[in-house]
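Asker: Heads up, the sequence shown is in my numbering, so the first residue is 32 and it goes up one at a time.
Ideal Cβ positions, reconstructed from N, Cα and C, are used throughout, including at glycine.
Dropping the structure in here first, questions after.
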Amino acid sequence: MTKSDSGKDITLRIAQQPEADELLARSPLAALVGMLLDQQVPMEWAFTGPYTLAERMGSDDLDAAEIAAYDPEAFTALFTTKPALHRYPGSMAQRVQQLCQYLVAEYEGDASAVWRDADTGEELLRRLNELPGFGTQKAQIFLALLGKQFGVRPAGWRTAAGAYGEDGSRRSVADITGPESLAEVRAYKQEAKAAAKAAKAAAKAGKAGEAGKAGKAAKTAKGSPKAKG
């Protein structure tokens, strides 16, 4: 995947590490694994993971069939060896192996087959959403990454990617092209997280207030003198 669908060379700046970014640019499986690991850790850490994993497996790339058949305990050890590949190395090792087993069963181990012949963005989103460890949000972000940086653009891809497909946005890893955009995406994520936290707190306070009013009303009703017949 060193060249996009349009034939242009692909240059990534997601991991912020040249060797790791070079692997992401040429290896469809590495890109998928990086997206899978992009959860509860800094984006650079997640997308450097495929390169570190390949190194620990003694290779310059990842192979879905090899990972799928790997002894689970030994594969987990590749993740847990310090420095660990993720904040939750054990569970992520299992998810990566499940992803590769699915790719072997459904796509003969060829990660690029997930998107290579997808005719529409909707179809591609469905395929991505079916991958182990890929919920709707992760699938949309990866779809946007494919469209914006890999030139994979089936009809309606921006619509299928939702807000992540918007041109000029700074919402996700799909928009990272260097240190500046990385900082912008990180700022957006922090703002979104703070807003979600504030909304949750407000909702909780609202429920508590309603409960307090209901309790006060019940107490008032209980203490009121009975109406005379």
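With a CB to CB cut of under 6 Å and the five nearest residues on each side skipped, what residues in its chain are close to glycine 260?
Answerer: Translated into the one-based positions of the sequence shown, residue 260 becomes position 229. Any reading at glycine 260 needs caution, since the residue's pLDDT is 40, under 50, leaving its predicted position unreliable; the model's value is listed next. Once the five neighbours on either side are set aside, glycine 260 has no close Cβ partner at all.
Asker: If you count every other CB in all the chains shown that lies within 10 Å of the CB of threonine 190, and 16 or more means buried, which is it?
Answerer: As a working mapping, residue 190 is identified with position 159 in the sequence shown. By the neighbour-count rule (16 or more Cβ atoms within 10 Å), threonine 190 is not buried but exposed.
Asker: I need the straight-line Cα distance from proline 114 to proline 120, nearest angstrom please.
Answerer: Position 83 of the sequence shown, counted from the first residue, corresponds to residue 114. Position 89 of the sequence shown, counted from the first residue, corresponds to residue 120. Rounded to the nearest angstrom, the two C-alpha atoms are 10 Å apart.
Asker: Mind checking who threonine 16 pairs with in its DSSP beta bridge?
Answerer: Residue 16 lies beyond the stretch modelled for the chain, which goes from 32 to 260, so this question has no answer here.
Asker: Is arginine 118 near valine 64, with beta carbons less than 7 Å apart?
Answerer: The residue given as residue 118 occupies position 87 in the sequence shown. The residue given as residue 64 occupies position 33 in the sequence shown. The answer is no: Cβ separation not under 7 Å.
Asker: Using a Cβ-Cβ cutoff of less than 8 Å, which residues in the same chain neighbour serine 200 once the five nearest sequence positions on both sides are dropped?
Answerer: Residue 200 sits at position 169 when you count from the first residue of the sequence shown. Excluding positions up to five away in sequence, the list reads Ala194, Asp206.
Asker: Hey, could you find the ends of the alpha helix (DSSP H) glycine 80 is sitting in?
Answerer: Here residue 80 refers to the residue found at position 49 when the sequence shown is read from its first residue. First-last of the alpha helix (DSSP H) with glycine 80: 74-87.
Asker: By Cβ distance below 7 Å, which residues in the same chain neighbour alanine 258 in space, the five residues on each side in sequence not counted?
Answerer: By one-based count along the sequence shown, residue 258 stands at place 227. Caution is warranted here: a pLDDT of 44 is assigned to alanine 258, below 50, making its placement in the model unreliable, and the coordinate value is therefore given only provisionally. Apart from the 5 residues on each side of it in sequence, alanine 258 has no Cβ closer than 7 Å to any other Cβ in its chain.
Asker: Taking 8 Å as the cut-off, does the stretch 167-176 touch the stretch 130-142 (at least 3 CB pairs, one atom from each stretch)?
Answerer: no
Asker: Arginine 217 to glutamate 211, Cα distance in whole Å?
Answerer: What you label residue 217 is simply residue 186 of the sequence shown in a count that begins at 1. What you label residue 211 is simply residue 180 of the sequence shown in a count that begins at 1. C-alpha separation (whole angstroms): 10 Å.
Asker: With a threshold of 8 Å, are at least 3 pairs of Cβ atoms found where one atom belongs to the stretch 81-99 and the other to the stretch 140-154?
Answerer: yes
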